[in-house]
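Remarks on the structure that follows.
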Amino acid sequence: MSAAADSTPAAPRRGLPPLAGDGAILVTGGTGTTGRLLLSWLLDEAQATRVIAFSRDEQKHYDLLQDPNFQQPALYSMVGDIRDPRRLREAMEGVSLVLHTAAMKHVPIAEAHPSEAIRTNVEGTENIIRAARDAGVARVIAHSTDKAVEPGCVYGATKLAMEKLLVAADFDSGADGPRFDILRHGNLIGSRGSVIPMFLEQKKSGRLKVTDPEMTRFWIGHDSLISAVHQVLIDGRGGEIFVPKSPSARLGTLARAIAPEAVIEVIGVRPGEKMHESLTSREESNRIRQFESHLVITPPSTGHQRRQDGSPVGPEFRLQSHHGPLLDLPAMKALLKSENLTSGHQTARFDIQSTNL
Ligand SMILES: NC(=O)c1ccc[n+]([C@@H]2O[C@H](COP(=O)([O-])OP(=O)(O)OC[C@H]3O[C@@H](n4cnc5c(N)ncnc54)[C@H](OP(=O)(O)O)[C@@H]3O)[C@@H](O)[C@H]2O)c1
């Protein structure tokens, strides 16, 4: 290594702020795509002393514990369902921070079984709120989606309800109760059951099924997601929705970036899907504070002390996936490459299930 390289300052470590008590952290959905990213960050980079991965399927827990990256004494794996208040209460014993990712997230599955999506995404969140209060948890940060903005599908509607529950819970907490904040973001690149692993799999047959090449989506990479969670952790003031600024791209661009030679079969937009997504609504525009890397949507209640940092946006402001610069083909390829998602062998990391666009 050269002297110049030696003197390059290391990237700032995304450490943890002081946490109450023993600093234990509960990650609901800890065996999912987002959950495992959070575990890696907490254990390897933030050096958390105790992290609990909470989810239902024992096989996912088994796989997690078999993974050499997760064979760490600070990690504890706990089988449980967020629909089960008693188990959640046990899981939160001695916990300071909850990172809530557990959800039903497949648009077509939630359309077909709305009551199940409500039980997990809405009632599960109510259980999280109650357990956090009972256990004296200091902070809860929940993952939401652009599909919660003016929702057109059951999944989005349940995540909107989740957001509203958390914002109201924060208001009810007063000065002493838990603080509840939300991270709302677009598609996580390469997440389980999403369009990128599906395209990578279909590429092998030479045919890609694309709902509509003109459909646009926001994309967020793994490292950007962790930075966004860290931002909420260090700056969230309760009842706030953080929205990282992320690039968007047409599905046709994504398809060509993944499989330039493949035949594109257009299958049409499916029930519940929108052509374009929004990360903010018009109704929220008067409560948005803009920062370089993200927006903060402050809570609607006048009882909240609204932040004055950042800058306001205009009343017509909306962050929409088809407005603003869209990633072109080289930029999309570069983004996939940066996520190590261009070669076929990566598909083995993901289960191919119904697609969530
Ligand atoms: N992926 C995206 O593109 C994206 C975009 C925006 C927002 N989000 C949000 O980010 C979060 C995580 O998404 P993801 O893509 O990482 O999902 P994922 O890979 O499907 O993981 C979901 C996790 O939740 C667990 N889970 C599901 N139902 C549960 C229940 N009732 N009780 C306990 N655990 C449960 C799953 O494990 P078991 O099934 O074994 O319980 C799994 O560990 C979700 O809240 C989603 O809405 C995702």
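Its first residue numbered 413, the sequence shown is counted upward by one per residue in the numbering used here. Cβ atoms here follow ideal geometry from the backbone N, Cα and C, with glycine treated the same way. As the structure is a computational prediction, the values presented were derived from the model and not from experiment.
Item	Value
In chain order, which continuous runs of the alpha helix (DSSP H) of length 4 or greater are located wholly inside the stretch 626-671?	634-647, 663-670
At the level of alpha carbons, what is the spacing between Leu477 and Arg718?	42 angstroms
Going by beta-carbon coordinates alone, are Ala436 and Ser508 separated by less than 8 angstroms?	yes
Can you tell me whether Gly427 is buried or exposed, with buried defined as 16 or more other CB within 10 angstroms of its CB?	exposed
Phe466: beta carbon under 7 angstroms from a heavy atom of ligand 1?	yes
I think Leu691 touches Val561, with their Cβ atoms under 8 angstroms apart; what is that distance to the nearest whole Å?	6 angstroms
Thinking C-beta only, is Gly664 closer than 8 angstroms to Glu689?	no
Three or more C-beta pairs under 8 angstroms: does that hold for the stretch 492-501 against the stretch 641-655?	no
When the Cα atoms are used, what is the spatial distance from Pro590 to Gly548?	7 angstroms
Using a threshold of 7 angstroms, is the CB atom of Arg495 nearer than that to any non-hydrogen atom of ligand 1?	yes
Looking at Ser603: is its Cβ nearer than 8 angstroms to the Cβ of Thr446?	yes
Rank Asp558, Ala543, Lys559 by C-alpha distance to the C-alpha of Val552 and give the top, closest one.	Ala543
Cβ of Gly444 within 8 angstroms of Cβ of Ser467?	yes
Tell me which residue opens and which closes the alpha helix (DSSP H) that Gly611 is part of.	The question names Gly, yet the displayed sequence has Phe at residue 611. Unbroken alpha helix (DSSP H) run through Phe611: 607-614.
Answer with buried or exposed for Asp558, where buried requires no fewer than 16 other C-beta atoms within 10 angstroms of its C-beta.	buried
I'd like to confirm something about Lys517: is its beta-carbon nearer than 7 angstroms to some heavy atom of ligand 1, or not?	yes
Is Asp469 near ligand 1, judged by its Cβ being under 7 angstroms from some heavy atom?	yes
Assign Ile764 to one of three DSSP states: helix, strand, or coil.	Unreliable placement is indicated for Ile764, whose pLDDT of 26 sits below 50; no coordinate value is reported for it.
Could you give the first and the last residue of the continuous beta strand (DSSP E) run that contains Arg591?	591-597
Thinking C-beta only, is Gln643 closer than 8 angstroms to His555?	no
I'd like the span of the alpha helix (DSSP H) that includes Val519, first residue to last.	519-524
Starting from the C-beta of Ser755, find all residues in its chain whose C-beta is less than 6 angstroms away, skip the five residues before and the five after it, and write them out in chain order.	Legend: pLDDT at Ser755 = 45, less than 50; position of this residue unreliable, value from coordinates given subsequently. So the list is empty, once near-sequence residues are dropped.
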